[in-house]
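Below is one structure, written out as structure tokens, with a few remarks after it.
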Amino acid sequence: MTKKRRSSLWYGNKDRDGFIHRSWMKNQGFPDHAFDGRPIIGICNTWSELTPCNSSLRDLAEGVKRGVWEAGGFPVEFPVMSLGETQMKPTAMLFRNLLAMDVEESIRAYGIDGVVLLGGCDKTTPGQLMGAASVDIPTIVVSSGPMLNGKWQGKDIGSGTDVWKFSEAVRAGDMSLSEFMAAESGMSRSKGVCMTMGTASTMSSLVEAMGLSLPANGALPAVDARRMALAHLSGKRIVEMVDEDLKPSEILTRDAFINAIITNAAVGGSSNAVVHLLAIAGRVGVELSLDDIDLGKHVPLLVNCMPSGSYLMEDFCYAGGIPAVLAEISHLLKPVKTVLGSDLEDYYRDAKCWNRDVIFSFKNPIKRDAGLTVLRGTLAPEGAVIKPSAATPELLEHRGPAYVFENVEDMKANINNEDLPVTKDTILVLKGCGPKGYPGMAEVGNMPIPAKLVKEGLRDMVRISDARMSGTAYGTVVLHVAPEAAAGGVLALVKTGDEIVLSAKEGRLDLLVDKEELLARSAYMSTPLPDYERGYIKLYIDHVLGADKGADLDFLVGNDTRVPQRESH
Ligand code: FES
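According to our numbering, the sequence shown is numbered sequentially starting from 24.
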């Protein structure tokens, strides 16, 4: 133990400050040898009963602690803000950057040498990674893992994806309200995150593909005993990483992000990965732009999981999980270092697929060219995103008249009007739902199909907004239009009846209104900023970057790896 550790600045000195740091920690019963210079490992926990997807993390923290002690470290668990996707208003995304600040400043201010990030629910993984990347001490991720498959009326049902389907079925009169209510309990029947390939499982999968967790982190169910073993092994490994001084900046290279983009396409991952990857890259100083997302455009869809397919994460795990996918796309992957200190190839060299209905081969994929596609054009000069794998193929090339909702209240108040002047060819446009406009960039982009069209049997139409959509959602939905309407984007100037052209093949999204007319409209049309005059939300609105930049706060981009030297006493 000759190496001078970061924690020694807190616990290594035989003086008044060292006395204070050690003595108060000892009130928890830690013995002298906990402070003998061994690595001190923070366990950054987003457990909360208000984040049900992370409710297993207290158990997993115990597994991590076993591993840390076994390897000769000293584990200390600490809480950070938790973001319950299904519980927070107006949207958990509004608080991702606040969690990132909490994580960053907690890691920086405390005497720890390495950190294990315990997260799971959608925004917790990226928020924790953004914060940890800005401090850049050795870091490993352990995710909650997905819930067991939902079960109802003898069928498997998927988090989110089947909520959207059931609610449309109720509106169409194909499902009774009492059946709808009865499905609730069967959908969420164990601890864990959404068991579709939603944002949570997408992010835990991409964390694995970037080498920031041990292999198998992406898909092991939350209640599978092997996840507890994974937590134990991660605790062991972080102690070694501290001794090797293996930091996120060595792992989160541009090539690791490219691997994540390619993997996201192969698994049919969430469109939300775009804003999260861009934001994390910004923290480590990696040049990654929206255009890089197109690197996944021609990657085929291999994983048959909802919302792009029909199986669930439990099936995906048993079929081989992320290692089996990485093996299929290995020829597309860049060599990168992982938390094991070796190449990513070690994650998948011996991987096998056990079920070809769930994980298709590269030669015989579910769909070709299925990755997220970036759109640009007069309606989205700074870009927009569409997820072709979850869209209706015929609608990916479409021209039609706009029907405009000025904000989400307008949409909710009128979408069920029987006399809404829309047809299957209409393009629904929604404004005021971007980072500044909502605020927080809500998941309302997959707005419901107008009631009168649902009754005619229509289940999809082109929808365009500056919002996001849930990773569990589906449809021909253009998202993340930038600049957003509330930031002065062209989106704010769209009127009902304007013609819009979408071409996923060409990567285009154009508003067919000439420049002079748009200039004239800008004199009397705008989307207002929401009315917040104080606190974090005011700070957020004033400083949030566009979706094309990851929607981080402008002053949080980058990192500061200095260790605080001053004491409080
Ligand atoms: Fe938490 Fe889906 S709502 S993971």
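Heads up, the beta-carbon is just placed ideally off N, CA and C, and yes, glycines get one too. Here the structure is a predicted model, which is why all the values come from computation and not from measurement.
Let me check you understand the geometry: is the CB of residue 223 closer than 7 angstroms to at least one non-hydrogen atom of the ligand FES?
Taking the first residue of the sequence shown as position 1, residue 223 is located at position 200. For the ligand FES, at least one heavy atom lies less than 7 angstroms from the Cβ of residue 223.
Excluding the 5 residues flanking residue 281 on each side, which residues of the same chain have their C-beta closer than 8 angstroms to its C-beta?
As a working note, residue 281 is residue 258 in the sequence shown. 315, 318 and 357.
Using CA coordinates, which residue listed in 333, 150, 275 and 298 is at the minimum distance from residue 571?
Within the sequence shown, numbered from 1, the residue matching residue 571 stands at position 548. When only C-alpha atoms are compared, the closest one is 298.
For the putative contact between residue 209 and residue 173, defined by C-beta atoms under 8 angstroms, what is the C-beta separation to the nearest angstrom?
The residue you call residue 209 lines up with position 186 of the sequence shown. The residue you call residue 173 lines up with position 150 of the sequence shown. Indeed, because the Cβ distance is near 6 angstroms, the residues count as touching under 8 angstroms.
Please classify residue 259: is it buried, with 16 or more other beta-carbons within 10 angstroms of its beta-carbon, or exposed?
Numbered from 1 along the sequence shown, position 236 holds the residue referred to as residue 259. Classification of residue 259: buried, given that the 10 Å Cβ count is 16 or more.
Could you spell out the range, first to last residue, of the alpha helix (DSSP H) harbouring residue 33?
Numbered from its first residue, the sequence shown carries residue 33 at position 10. 31–34 is the span of the alpha helix (DSSP H), which, as asked, contains residue 33.
Check: residue 109 C-beta below 7 angstroms from any heavy atom of the ligand FES
By one-based count along the sequence shown, residue 109 stands at place 86. For the ligand FES, at least one heavy atom lies less than 7 angstroms from the Cβ of residue 109.
Of the residues 212, 476, 453 and 135, the one placed nearest residue 265, counting alpha carbons only
Stepping through the sequence shown from its first residue, residue 265 is reached at position 242. The candidate whose alpha carbon is nearest that of residue 265 is 135.
Out of 305, 149, 559 and 220, state which residue places its alpha-carbon closest to the alpha-carbon of residue 230.
Taking the first residue of the sequence shown as position 1, residue 230 is located at position 207. Looking at the Cα atoms, 149 is the closest of the given residues.
Give every residue of the same chain whose Cβ lies closer than 6 angstroms to the Cβ of residue 434, excluding the five residues on either side of it in the sequence, and list them in chain order.
For this step, residue 434 is matched to residue 411 along the sequence shown. Contacts found: 428, 453 and 470.
Residue 67 in three-state terms, based on DSSP
Locating residue 67 in the sequence shown gives position 44, counting from the first residue. Looking at residue 67 - three-state DSSP - the assignment turns out to be strand.
Compare the Cα-Cα distances from residue 97 to each of 350, 59, 105 and 118 and report the closest residue.
Within the sequence shown, the letter at position 74 stands for residue 97. It is 59.
Decide if residue 24 is buried, meaning its Cβ has at least 16 other Cβ atoms within 10 Å, or exposed.
Against the sequence shown, residue 24 aligns to sequence position 1. In this prediction, residue 24 has a pLDDT of 46, which is less than 50 and means its spatial position is unreliable; what the coordinates show is noted afterwards. Exposed is the call here.
For the 8 angstroms Cβ check, are there 3 or more pairs between the region 362–374 and the region 334–353?
yes
Do you know how far the Cα of residue 228 is from the Cα of residue 257?
For the purposes of this step, residue 257 is taken as the residue at position 234 of the sequence shown. For the purposes of this step, residue 228 is taken as the residue at position 205 of the sequence shown. Rounded to the nearest angstrom, the two C-alpha atoms are 16 angstroms apart.
From residue 489 to residue 498, what distance separates their C-alpha atoms?
Taking the sequence shown and counting its residues from 1, one reaches residue 489 at position 466. Taking the sequence shown and counting its residues from 1, one reaches residue 498 at position 475. Approximately 16 angstroms, taken between the alpha carbons.
Roughly how many angstroms separate the alpha carbons of residue 277 and residue 405, rounded to a whole number?
For the purposes of this step, residue 277 is taken as residue 254 along the sequence shown, with counting starting at 1. For the purposes of this step, residue 405 is taken as residue 382 along the sequence shown, with counting starting at 1. Taking the straight line joining both Cα atoms gives about 21 angstroms.
Exposed or buried, which one is residue 46 when buried takes at least 16 other CB atoms within 10 Å?
Position 23 of the sequence shown, counting from 1, holds the residue named residue 46. The residue in question, residue 46, is exposed, as its Cβ has fewer than 16 Cβ neighbours within 10 Å.
Does the region 207–221 touch the region 322–339, meaning 3 or more C-beta pairs lie closer than 8 angstroms?
yes
Which of the three DSSP states, helix, strand or coil, is assigned to residue 438?
Taking the first residue of the sequence shown as position 1, residue 438 is located at position 415. Residue 438: coil per DSSP, three-state reduction.
Residue 24 in three-state terms, based on DSSP
Working through the sequence shown from its first residue, we reach residue 24 at position 1. Any reading at residue 24 must be qualified, since the residue scores a pLDDT of 46, below 50, and its modelled position is unreliable; the value itself is stated next. In the structure shown, residue 24 sits in coil (DSSP, three-state: anything other than H, G, I, E or B).
For the alpha helix (DSSP H) containing residue 102, name the first residue and the last one.
On the sequence shown, residue 102 is found 79 positions in, with the first residue counted as 1. Unbroken run through residue 102 is the beta strand (DSSP E), 97–102; no alpha helix (DSSP H).
Considering only heavy atoms of the ligand FES, does any lie closer than 7 angstroms to the CB of residue 182?
Translated into the one-based positions of the sequence shown, residue 182 becomes position 159. Answer for residue 182: yes, Cβ within range of the ligand FES.
Given that a residue counts as buried once 16 or more other Cβ atoms are within 10 Å of its Cβ, and exposed if not, what is residue 542?
In the sequence shown, residue 542 corresponds to position 519, counting from 1. So residue 542 counts as exposed.
Tell me whether the beta-carbon of residue 395 lies closer than 8 angstroms to the beta-carbon of residue 295.
Position 372 of the sequence shown, counting from 1, holds the residue named residue 395. Position 272 of the sequence shown, counting from 1, holds the residue named residue 295. Taking 8 angstroms as the Cβ cut-off, residue 395 and residue 295 do not qualify as a contacting pair.
Measuring straight from C-alpha to C-alpha, what distance separates residue 520 and residue 531?
Sequence index remark: in the sequence shown, residue 520 carries index 497 (1-based). Sequence index remark: in the sequence shown, residue 531 carries index 508 (1-based). One C-alpha to the other measures close to 19 angstroms.
Residue from 581, 463, 529 and 491 with nearest C-alpha to residue 561
Here the question's residue 561 lines up with position 538 in the sequence shown. Out of 581, 463, 529 and 491, 463 has the C-alpha closest to the C-alpha of residue 561.
Just how far apart, CA to CA, sit residue 20 and residue 482?
Residue 20 is absent from the structure shown; the chain starts at 24 and stops at 592.
What does the Cβ neighbour count give for residue 436, buried or exposed, with the cut at 16 atoms within 10 Å?
On the sequence shown, position 413 is the one that residue 436 refers to. It is exposed - the Cβ of residue 436 has fewer than 16 other Cβ atoms within 10 Å.
Go through the region 146–214 residue by residue and report every complete run of the alpha helix (DSSP H) that reaches 4 residues or more, in order.
147–158, 184–195 and 200–210
Alpha-carbon spacing of residue 284 relative to residue 247, whole angstroms
What you label residue 284 is simply residue 261 of the sequence shown in a count that begins at 1. What you label residue 247 is simply residue 224 of the sequence shown in a count that begins at 1. Between residue 284 and residue 247, the C-alpha separation is close to 28 angstroms.
DSSP three-state label for residue 403, please.
As a working note, residue 403 is residue 380 in the sequence shown. Strand.
In whole angstroms, what separates the C-alpha of residue 199 from that of residue 502?
Locating residue 199 in the sequence shown gives position 176, where the first residue counts as 1. Locating residue 502 in the sequence shown gives position 479, where the first residue counts as 1. Their backbone Cα atoms lie some 31 angstroms apart in a straight line.
According to DSSP, is residue 488 helix, strand or coil?
Residue mapping note: residue 488 aligns to position 465 of the sequence shown, counting from 1. DSSP places residue 488 in strand when its eight states are reduced to three.
Buried/exposed call for residue 204, threshold 16 Cβ in 10 Å
Looking up residue 204 in the sequence shown gives position 181. It is exposed - the Cβ of residue 204 has fewer than 16 other Cβ atoms within 10 Å.
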